[in-house]
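Take any residue in the sequence shown, count from 1 to its spot, add 77: that is its number in the numbering used here.
All remarks here apply to the structure that follows.
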Amino acid sequence: MILSTAAGEIRRISLTGADFTGAMAVTHCLCERKSFGEVLEWARERGIDSQETVQLHLGCGRHCGLCKPFIEYMLATGVTDVPWPCPALPASTLAD
Ligand code: FES
């Protein structure tokens, strides 16, 4: 179950009450086998800050698309170990 607190913080809570927030991170586009570190370095060298441009040139996001919000978050923050659930996704899209 995914909860959003009054402060807008997203918490991932199991049915038994265990808090798994921050327990997982997404670090790669699995379809293109590229790490977010590689993608970020490539993007910064070229002054690129949009997921669409990364997708056009590197293919990340072109296949299953699951990495798109994670890449958006990475480009905006510089964080390459993006926590799950992705902070770029509205809590309403994550609710059970
Ligand atoms: S994980 Fe990036 S397109 Fe599938």
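Virtual Cβ for every residue (Gly too), placed ideally from N, Cα, C.
- Could you tell me whether the Cβ atoms of residue 140 and residue 108 are closer together than 7 Å? Mapped onto the sequence shown, residue 140 falls at position 63. Mapped onto the sequence shown, residue 108 falls at position 31. Going by C-beta atoms, residue 140 is nearer than 7 Å to residue 108.
- Query: What is the rounded straight-line gap between the Cα of residue 153 and the Cα of residue 123?
  - Reply: Counted from its first residue, the sequence shown places residue 153 at position 76. Counted from its first residue, the sequence shown places residue 123 at position 46. Answer to the nearest angstrom: the Cα atoms are 15 Å apart.
- Query: Relative to ligand 1, what is the chain-ordered list of residues with a Cβ closer than 7 Å to any of its non-hydrogen atoms?
  - Reply: Residues with their Cβ less than 7 Å from any non-hydrogen atom of ligand 1, running along the chain, are 106, 107, 108, 109, 137, 138, 139, 140, 141, 142, 143, 144.
- From this set, 165, 166, 157, 132, which residue's C-alpha is nearest residue 115's C-alpha? To locate residue 115, count along the sequence shown from 1; it is residue 38. Checked all of 165, 166, 157, 132; the closest Cα to residue 115 is 157.
- Can you tell me the Cα-Cα spacing of residue 101 and residue 160, whole angstroms? Here residue 101 refers to the residue found at position 24 when the sequence shown is read from its first residue. Here residue 160 refers to the residue found at position 83 when the sequence shown is read from its first residue. Near 6 Å, if we compare the C-alpha coordinates of residue 160 and residue 101.
- Terminal residues of the alpha helix (DSSP H) in which residue 152 lies: Your numbering for residue 152 matches position 75 in the sequence shown. Per DSSP, residue 152 belongs to the alpha helix (DSSP H) from 145-154.
- Counting only the same chain and skipping the five closest in sequence on each side, list residues whose C-beta sits under 6 Å from that of residue 72. Residue 72 lies beyond the range of the chain shown here (78 to 173); nothing can be said about it.
- For residue 165, I'd like the list of residues in its chain whose CB is within less than 6 Å of its CB, leaving aside the five on either flank, ordered along the chain. Numbered from its first residue, the sequence shown carries residue 165 at position 88. Annotation for residue 165: 146, 149, 150 place their beta carbon closer than 6 Å to its own, counting only its chain and skipping 5 residues before and after.
- Contact under 7 Å by Cβ, residue 111 with residue 144: In the sequence shown, the residue the question calls residue 111 occupies position 34. In the sequence shown, the residue the question calls residue 144 occupies position 67. Result no, Cβ atoms of residue 111 and residue 144 do not sit closer than 7 Å.
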